[in-house]
Amino acid sequence: MTEGKPVSEPPTAVKCLVWDLDNTLWRGTLLEDGEVLPFEWVRDVITTLDERGILQSIASKNDHDHAWGRLEALGLAEYFVLPHIGWGPKSASVRAIADRLNFADRAMAFVDDQPAERAEVTYRLPEVRCYAAEDLAGLTGLPEFSPAVVTVDSRQRRNMYQSGFRRDAERAEFSGPDEDFLRTLDIRMGISRATERELSRVEELTLRTSQMNATGVHYADSVLRGLLTDPSHEVLVITMADRFGPHGAVGIVLLERHPAVWHLKLLATSCRVVSYGAGSTLLNWLADQAARAGVHLAADFRRTDRNRMMEVAYRFAGFADTTCACTAALAVPDEEGVERLHLIPTFQPAPTTLRLTAPELADAALPRSR
């Protein structure tokens, strides 16, 4: 079976578009004409990008209260996360937005009517793509703004991020150990076998996740469909929710079972849930299931410029570079640079900061029909 190709992140994918306001989002200058109105195509562009799961923010030189009040009056304020409205350099605003979202510069885009403002952003942040205001009407037709996969989670992405910001604000005000705060969230994690209905969400995770992606390999829909019907493979999707609302699909596990070893081909989790212990919970659960089945674990890992956190998670869970005869049954990695980490698993305690619902893989140690 043909495996996925190593693509840590599609080079054309935009995750967040940052808007200028004066003569870009609306016609005219707010400080000179308080009744500015959006260009005819703006509302359609904003809502289309929002439905595609592309976040949107603002970097504008304006009085914050005045500009935000105008956006609220126009019914557009709700579509923008982390707006930066003030008098500083726009590159600093774009940089701050990217850092807060934990996005790479290449996942950011910026639109402004002023060539000097675009040049300033390009000079400071050369990987951020910049567009002229006159390009806005055709923006949704560009490939970088047209994701191949649009899922239920895509359409809810803005709401999930906004819930995350409220969650983070409460966390900052909480006095006490971090574990105590996590317990107040009533976190629920679900691990389930993927169905054909969920394949688009699983594929999207392999495309969008770079920091907590063990290999950076993209598994296309056709490949995933084949694995769903392969009795030796487990394709698992991870979801999370808490009292602030759903996180949506936040992780994928691709596991191939052999008699003496389970081969963890791919583990990817959203960076949004790293601080809630999603990665360590998954790895501990897998180790516990493998220990119950009496098998070892072997995990593929390929270093990228973004996934240092994933390597730390593997090492913290006990995975090491040691060799073991059990891995002789595994095919040589197709992708260049893939290492194979090894773990002799032991039984693990249940998580203390979240409620976990998961299948018993140990009961299906032998290949099964689906």
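Counting in the UniProt record's numbering, the sequence shown tops out at residue 370, every number present. We put the CB at the ideal spot given by N, CA and C, even for glycine.
Looking only at its chain, what residues have a beta carbon closer than 6 Å to the beta carbon of residue i, apart from the 5 residues adjacent to it on each side?
i: L356; result: M189
i: R106; result: E127
i: G245; result: S163
i: A317; result: L283
i: A59; result: V18, H84, K90, S93, V94
i: K61; result: W87
i: L139; result: V45, F145
i: F319; result: A299, L341, L343
i: E198; result: V237
i: S275; result: none
i: L82; result: S57, I97, R100
i: D288; result: F347, Q348
Quick check: residue i and residue j, are their CB atoms within less than 8 Å of each other?
i: V128; j: F110; result: yes
i: I46; j: A67; result: no
i: M310; j: V273; result: no
i: L354; j: T304; result: no
i: T346; j: A291; result: yes
i: L236; j: S270; result: no
i: A133; j: N23; result: yes
i: L136; j: V14; result: no
i: residue 377; j: T215; result: The question about residue 377 has no answer here: the residues shown for the chain are numbered 1 through 370.
i: E234; j: L361; result: yes
i: V150; j: R52; result: yes
i: L286; j: L264; result: yes
i: H247; j: M160; result: yes
Buried or exposed: where does residue i fall if 16 or more other Cβ atoms within 10 Å of its Cβ makes it buried?
i: D230; result: exposed
i: L31; result: exposed
i: G294; result: exposed
i: R370; result: Unreliable placement is indicated for R370, whose pLDDT of 35 sits below 50; the coordinate value is still reported in the next sentence. By the neighbour-count rule (16 or more Cβ atoms within 10 Å), R370 is not buried but exposed.
i: D334; result: exposed
i: R157; result: buried
i: T195; result: exposed
i: W262; result: buried
i: A249; result: buried
i: S175; result: exposed
i: R70; result: buried
i: R257; result: buried
i: V312; result: exposed
i: A172; result: exposed
i: T322; result: exposed
i: F80; result: buried
i: A350; result: exposed
i: D99; result: exposed
i: T352; result: exposed
i: P147; result: buried
i: P359; result: exposed
i: G75; result: exposed
i: G4; result: Only weak support exists for where G4 lies, its pLDDT of 44 falling under 50; the value from the coordinates is given anyway. Buried.
If you follow the beta strand (DSSP E) that residue i is in, where does it begin and where does it stop?
i: S146; result: Looking at the DSSP string, S146 is not in any beta strand (DSSP E), and its letter there is neither H nor E.
i: Y131; result: 129 to 132
i: R355; result: 354 to 357
i: R155; result: Counting along the chain, R155 falls outside any beta strand (DSSP E), though it belongs to the alpha helix (DSSP H) covering 152 to 155.
i: R340; result: 338 to 343
Tell me residue i's beta-bridge partners as DSSP assigns them.
i: S270; result: Answer is none; S270 lacks a bridge partner.
i: K61; result: G86
i: V235; result: L254
i: P351; result: P351 is not bridged to any residue.
i: F110; result: V18, C130
i: L55; result: C16
i: R27; result: L37
i: G248; result: M240
i: L264; result: L255, A299
i: A320; result: H342
If I measure Cβ to Cβ from residue i and keep anything under 7 Å in the same chain, skipping five residues before and after, which residues do I get?
i: residue 382; result: Residue 382 cannot be examined here, being either before or after the span of the chain that is shown, 1 to 370.
i: A96; result: H84
i: D186; result: D242, R243
i: C324; result: H296, H342
i: L17; result: L49, I54, Q56, A109, V111
i: R368; result: For R368, the pLDDT reaches just 40, beneath the cut-off of 50, and the residue's location in the model is therefore unreliable, although a value from the coordinates is still provided. The residues are P231.
Skipping 5 residues on each side, what residues in its chain have a beta carbon closer than 8 Å to that of residue i?
i: E117; result: D20, K90
i: R340; result: A298, A299, D300, F301, T327, L330, P333
i: E120; result: P89, K90, S91
i: D153; result: G53, M160, R201, E204, G248, A249
For the alpha helix (DSSP H) that contains residue i, what are its first and last residues?
i: H296; result: Unbroken run through H296 is the beta strand (DSSP E), 296 to 302; no alpha helix (DSSP H).
i: G279; result: 278 to 293
i: I191; result: Premise fails: I191 lies in the beta strand (DSSP E), 187 to 193, not in any alpha helix (DSSP H).
i: D180; result: 178 to 184
i: A119; result: 115 to 124
i: A313; result: 308 to 316
i: S175; result: Run containing S175: none; DSSP gives neither H nor E here.
i: S222; result: 221 to 228
Please confirm whether residue i has its beta-carbon closer than 8 Å to some beta-carbon of chain D.
i: A77; result: Within the model displayed, chain D is absent; a lone protein chain is all it includes.
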